[in-house]
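Residue numbers (the numbering used here), protein chains in the order written: chain W, 1 to 274; chain Y, 1001 to 1219.
C-beta: ideal position from N, C-alpha, C; glycine also.
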C-alpha cells in the first residue's frame, strides 16, 4: 500500500468507522513502517479520543483482537498418523488416475507452454529492499529520518544517513510470480559481517510474498548494535529456494554472486553518524 | 473482574476458545490502553525511573496488542489462577514488555529519590498523563466546531461519542429514528473531518514524500 491511499482510509475510518478488512490490514502494516502516515493516523486517533469513548472506530479493536486470537488461539488438531497415511495413499491414487485420464483425453501437441514467452513481456521482475531509519529517541513519536532503496551492484549504491540511536527497519518489494526467499547482510567498511537477517539462530531464510510492495520485515534493528559510526553496506540476496541456518551462514561468509540459488543481489550504503 | 466472575468464560479462556479470547481482549483493552498511556514508575537499582507512557496512539495500540497477545498465549493462560483480577496479571505482563522495550530505546527518565515521588506514582500504572499540545488543540477545535453545530447534533455528539450510547438508545433520547441518527452522525463526522482539515489539524500527506525510493526499484 502506498502513502497516497492511507490518508483517505484513515479519513474513512474516522467518518464511517470501518473500511474493508483487507484494506485495514494493509494500512496497518504500512503504518508500522511509514512515519509520515503514522503521524497522520496519530492525529486522527487523538481527534477521536478527544471526541469521547464512543467515537473510536470499532474496527480497530475488532481487527486487532482477531489478529491476536488467530496468532495465539488453540492449535489445530493434527490428524492421527493412520488417518494421515490413509489420506496420503488415497490422494496419491487419485492424482495418478487424474494424470492418466488427462494424458488420454488431451494428448500433448503444439508449443510447450512452459517455455512460451509472449513477445515484449519478459520484463525483469520487480525486486528490492528499502531501508528506513527510524528516530526512536523521542517517546512521543517514531519518525522516519530517511529511507533508501537498494540497487544492483553495477549501479552506484544509494546512501542512507542514520544516527547511532536510530532503529533500522527493512521492507521488501517482490513482483508477482513464484515465491522467493531473502537474506540481508550488513558489513562494516572492513568487510566484517555485523548483521544477518534473519538472525543466525533462525531456522531458515525469510520467505517473501509475491506481489508485496514495501512489506516490512519482522525484526527492527537498533543501529547501535552494528558497531562504531562509519560506512556500512547492506546487501540483499534474493534466493530461489529457502536455506537452512547452516547454509545461510555459509552464504553470508562467502558473499555470493547471482547463481548457485541466488537470483539477485542488491545493495545500499548506510552512513552511521554518532 | 470479568474472568473472576464469569466461570464459563474462564473455562473457554483456559481452553483457548477463539470467542472467549476475543471477549477477553475486547474487555481489557480499553483499561490497558489507559494504563500504558499514563505510564508508570519503577525502581532500577537505587534510582526511581519513570516511563512517561506512549503518546503515539499507533505505538500505544501496538504495545497493548502485544501485551494482550502475550497474556493470551497458552502458557500465560495456564499460569493465571482465575482467582485474582486478570487486569493485575495483564498489567504485570504489559509492564515487563514495556521495560524490555525501554532498555532498548533509552526512554527512561530518572525522577530522583522516594521523597520526590507522589505515593501513587511509586507503585503502578495510575497517573493521568498531562494533555499534549495536540490534545489541547483538538479540544479547542472541537469546542469551536460544536458551538456552530445544531442542538440535535450537539445532543447526538454527547450521547453517541461522549457517553458511548448505542444508536438505538441515542435515537430514543433524541426522539429520532435510528436511520435519522445514523444519517446525522455520518454528516456530523464528515463535517468535522472537513473542519479539521480546513484548520490545518489533519494536513494531507505531501506527495513529494511518496515512493521516492521505490521508483528506482520498480523501474
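| field | Beta-bridge partners of residue 266 of chain W, as assigned by DSSP | value | Residue 266 of chain W sits at position 266 when you count from the first residue of the first chain. Answer is W/236.
| task | Please state whether DSSP places residue 104 of chain W in a helix, a strand or coil. | result | Locating residue 104 of chain W in the first chain gives position 104, counting from the first residue. Caution applies to residue 104 of chain W, whose pLDDT of 49 falls short of 50 and renders its modelled position unreliable; the value that the coordinates give is listed next. Looking at residue 104 of chain W - three-state DSSP - the assignment turns out to be helix.
| said: Using a Cβ-Cβ cutoff of 7 Å, what residues of the region 19-38 of chain W are near chain Y? List them in chain order. | reply: 31, 36, 37, 38
| said: Let me see if you follow: with CB-CB separation under 8 Å, is residue 238 of chain W close to chain Y or not? | reply: Along the first chain, read from residue 1 onward, the residue named residue 238 of chain W stands at position 238. No, its Cβ sits nowhere closer than 8 Å to a Cβ of chain Y.
| query | Going by the CB atoms, is the gap between residue 207 of chain W and residue 166 of chain W shorter than 8 Å? | reply | For this step, residue 166 of chain W is matched to residue 166 along the first chain. For this step, residue 207 of chain W is matched to residue 207 along the first chain. No, these two residues do not count as a Cβ contact at 8 Å.
| request: Kindly list the residues whose CB is nearer than 6 Å to the CB of residue 1093 of chain Y, restricted to its own chain and excluding five residues on each side of it in sequence; keep chain order. | output: In the second chain, counting from the first residue as 1, residue 1093 of chain Y sits at position 93. Closer than 6 Å at the Cβ level, and outside the excluded window around residue 1093 of chain Y, lie 1067, 1070, 1071.
| residue 1218 of chain Y to residue 160 of chain W, Cα distance in whole Å? | The sequence position of residue 1218 of chain Y within the second chain is 218, counting from 1. The sequence position of residue 160 of chain W within the first chain is 160, counting from 1. Note on residue 1218 of chain Y: pLDDT 38, under 50, position unreliable in the model; the coordinate value appears next. Looking at the two C-alpha atoms, the distance is approximately 19 Å.
| task | Kindly indicate if chain W contains any beta-carbon less than 8 Å away from that of residue 1189 of chain Y. | result | Walking along the second chain from the start, residue 1189 of chain Y turns up at place 189. Yes - at least one Cβ of chain W is within 8 Å of the one on residue 1189 of chain Y.
| field | Where residue 244 of chain W sits in the DSSP three-state scheme | value | Along the first chain, read from residue 1 onward, the residue named residue 244 of chain W stands at position 244. It is a strand residue.
| Contacting positions in the region 38-55 of chain W - beta carbon closer than 9 Å to chain Y | 38, 39, 40, 41, 42, 43, 44, 45, 46, 47, 48, 49, 50, 51, 52, 53, 54, 55
| query | Shorter than 8 Å from the beta carbon of residue 1057 of chain Y to some beta carbon of chain W? | reply | Start at 1 with the first residue of the second chain, and residue 1057 of chain Y comes out as number 57. Yes, residue 1057 of chain Y lies at the interface with chain W (some Cβ there is under 8 Å from its Cβ).
| query | Straight-line CA distance for residue 1016 of chain Y to residue 1144 of chain Y? | reply | The count along the second chain starts at 1 and reaches residue 1016 of chain Y at position 16. The count along the second chain starts at 1 and reaches residue 1144 of chain Y at position 144. Roughly 48 Å separates the two Cα atoms.
| What residues from chain Y crowd round residue 68 of chain W, counting only those whose CB sits closer than 8 Å? | The sequence position of residue 68 of chain W within the first chain is 68, counting from 1. Result: 1021, 1025, 1065, 1068, 1069, 1072.
| field | Inter-residue Cα distance where the pair is residue 108 of chain W and residue 240 of chain W | value | Taking the first chain and counting its residues from 1, one reaches residue 108 of chain W at position 108. Taking the first chain and counting its residues from 1, one reaches residue 240 of chain W at position 240. Summary for residue 108 of chain W: the model assigns pLDDT 48, below 50, so the residue's position carries little reliability, and this model does not support an answer.
| query | Taking Cβ to Cβ, would you say residue 1185 of chain Y is nearer than 8 Å to residue 1162 of chain Y? | reply | Sequence index remark: in the second chain, residue 1185 of chain Y carries index 185 (1-based). Sequence index remark: in the second chain, residue 1162 of chain Y carries index 162 (1-based). Cβ atoms of residue 1185 of chain Y and residue 1162 of chain Y: not closer than 8 Å.
| field | Neighbour list for residue 223 of chain W in chain C, Cβ cutoff strictly below 9 Å | value | Protein chains W and Y are contained in the structure displayed, whereas chain C is not.
| task | Rank Y/1192, Y/1168, Y/1004, Y/1180 by C-alpha distance to the C-alpha of residue 1085 of chain Y and give the top, closest one. | result | Taking the first residue of the second chain as position 1, residue 1085 of chain Y is located at position 85. The shortest C-alpha separation from residue 1085 of chain Y is found at Y/1004.
| task | Work out the CA separation of residue 173 of chain W and residue 8 of chain W for me, nearest whole Å. | result | Numbered from its first residue, the first chain carries residue 8 of chain W at position 8. Numbered from its first residue, the first chain carries residue 173 of chain W at position 173. Their backbone Cα atoms lie some 23 Å apart in a straight line.
| task | Could you tell me which chain W residues have their CB closer than 7 Å to the CB of residue 1093 of chain Y, listed as they occur along the chain? | result | Taking the first residue of the second chain as 1, we reach residue 1093 of chain Y at position 93. Per Cβ cutoff of 7 Å: no residues; residue 1093 of chain Y is ~13 Å from chain W at best.
| query | Where do the ends of the alpha helix (DSSP H) carrying residue 2 of chain W lie? | reply | Mapped onto the first chain, residue 2 of chain W falls at position 2. It is not in any alpha helix (DSSP H) - residue 2 of chain W carries neither H nor E in the DSSP assignment.
| said: Does residue 30 of chain W come out as helix, strand or coil in the three-state DSSP assignment? | reply: Counting from one through the first chain, the residue named residue 30 of chain W turns up at place 30. In the structure shown, residue 30 of chain W sits in a helix (DSSP, three-state: H, G or I).
| Bridge-paired residues (DSSP) for residue 1048 of chain Y | Taking the second chain and counting its residues from 1, one reaches residue 1048 of chain Y at position 48. Residue 1048 of chain Y pairs with Y/1043.
| Considering only residues of the same chain and omitting the five flanking positions on each side of residue 217 of chain W, which have a CB-CB separation below 6 Å? | For this step, residue 217 of chain W is matched to residue 217 along the first chain. Excluding positions up to five away in sequence, the list reads 170.
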